[in-house]
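Notes to accompany the following structure.
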DNA sequence: GATATTGTAGATACAATAAGTCTGTAATTG
DNA sequence: CAATTACAGACTTATTGTATCTACAATATC
Ligand code: SF4
Ligand code: SF4
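Protein chains in written order, with the working numbering: chain U, 1066 to 1197; chain B, 1066 to 1197.
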């Protein structure tokens, strides 16, 4: 029960991208070096963000990644869901009717967390100095 | 990023225990059989609840487990913390000052979830039919 | 069009954690 | 004492996370 490191990398990368030019892409090499992670691995993570329609990749010389959606629209939850998936945190093989109280409690708790993550947009902390 | 099955077992077991007699303990064998899990494994999980001061174990013939604390006091969060630990869901090796915005957002989101789990007590859904 | 540059996909390897088993030991009952 | 029951620790196995390597596809520049 922990967020994966991939989520950490994704969040930091996205913060760099919102701070960067929306037209000139940034190479994965630079993004990876800043975070101390291998370019191929980070690329694999970013591909999930591409497939989620959040960023865009540009092949070829001077290629890289840049934002695709409006930076004002991207929430923490978008990124986390793209990396961790959207399945419920609490799973139960059995199905004891829709009235199962345990799942109801757990699901509601999860939604409280998601609500906060959905209400916090990347831009909300863009003034932050993206160190590392 | 998922709750472990151990948490699932712990929650179900606790629900059985609050529904049972507070004086006559229930053997792990019965608790395990109801949930379709091996007794030794469940015992290992329940030991963590014992160490958390939530339940009490009774050795010897006719032994087993029974509640220790007031059933009205036990929250979902108590159980989850006893099993999953209390460390933050989002961890970062670096320390970029206390003002790190990413960690602040993630931590706050986590606390939203915990708040709900802390406010929900086992008794709140005791009338539920504890199937399987 | 040739070549260098960059991202993509898949196979693979390694590590960490989760999930579960086994065995022996200690405590309690009767 | 003998039967019952929980406890502790070592151990095994399965699953997932983390990361690398390599071959390939797309693009830019000359
Ligand atoms: S009671 Fe709910 S959580 Fe428990 S096994 Fe049934 S469906 Fe799953
Ligand atoms: S900015 Fe915050 S989350 Fe990112 S590496 Fe620094 S301390 Fe960690």
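From the three backbone atoms N, C-alpha and C, an ideal C-beta is built for every residue, glycine too.
Since the structure is predicted, the reported quantities are computational estimates derived from the model, not experimental observations.
Mind checking residue i: buried by the 16 CB within 10 Å criterion, or exposed?
i	result
residue 1078(U)	buried
residue 1179(B)	buried
residue 1182(U)	buried
residue 1158(B)	exposed
residue 1128(B)	exposed
Measure from the alpha carbon of residue i to the alpha carbon of each residue in the options, then state which is nearest.
i	options	result
residue 1132(U)	1068(U), 1080(U), 1170(U), 1178(U)	1080(U)
residue 1089(U)	1143(U), 1189(U), 1167(U), 1126(U)	1126(U)
residue 1072(U)	1095(U), 1143(U), 1091(U), 1124(U)	1143(U)
residue 1190(U)	1167(B), 1087(B), 1124(B), 1111(B)	1167(B)
residue 1141(B)	1163(U), 1169(U), 1124(U), 1141(U)	1169(U)
Verify whether the separation of the beta carbon atoms of residue i and residue j is less than 8 Å.
i	j	result
residue 1118(B)	residue 1134(B)	yes
residue 1097(B)	residue 1091(B)	no
residue 1177(U)	residue 1177(B)	yes
Strictly below 8 Å CB to CB, what residues from chain B border residue i?
i	result
residue 1146(U)	Correct list: empty, because the minimum Cβ distance to chain B is about 11 Å.
Excluding the 5 residues flanking residue i on each side, which residues of the same chain have their C-beta closer than 8 Å to its C-beta?
i	result
residue 1171(U)	1153, 1154, 1155
residue 1068(U)	1145, 1149
residue 1197(U)	In this predicted model, residue 1197(U) has a pLDDT of only 48, less than 50, meaning its place in the structure is not dependable enough to derive any value.
residue 1147(U)	1075, 1113, 1114, 1116, 1117, 1119
residue 1087(B)	1131, 1132, 1136
Who are the Cβ neighbours of residue i in its own chain at under 6 Å, not counting the five residues just before and after it?
i	result
residue 1093(U)	1104, 1107, 1108
residue 1194(U)	With a pLDDT of 49 at residue 1194(U), under the threshold of 50, the modelled position of that residue is not reliable, and the figure given next carries that caveat. Here the set comprises nothing.
residue 1175(B)	1154
By Cβ distance below 7 Å, which residues in the same chain neighbour residue i in space, the five residues on each side in sequence not counted?
i	result
residue 1115(B)	1121, 1122
residue 1187(B)	1079, 1080, 1083, 1136, 1139
residue 1165(U)	none
List the residues of chain U whose Cβ lies closer than 8 Å to the Cβ of residue i, in chain order.
i	result
residue 1069(B)	1066
residue 1178(B)	1174, 1175, 1177, 1178
Anything in chain U within Cβ reach of residue i, meaning under 7 Å, just list it in chain order.
i	result
residue 1073(B)	1157
residue 1141(B)	1170
residue 1149(B)	1066
Give me the chain B residues within the contact set of residue i, using Cβ-Cβ distance strictly less than 9 Å, ordered along the chain.
i	result
residue 1190(U)	1166, 1167, 1169, 1170
Please compile the residues from chain B whose C-beta is within a distance smaller than 7 Å of the C-beta of residue i.
i	result
residue 1185(U)	1170
Give the residues of chain U in contact with residue i, contact being defined as C-beta atoms less than 9 Å apart.
i	result
residue 1200(B)	Here chain B has residues from 1066 to 1197 only, and residue 1200(B) is not among them.
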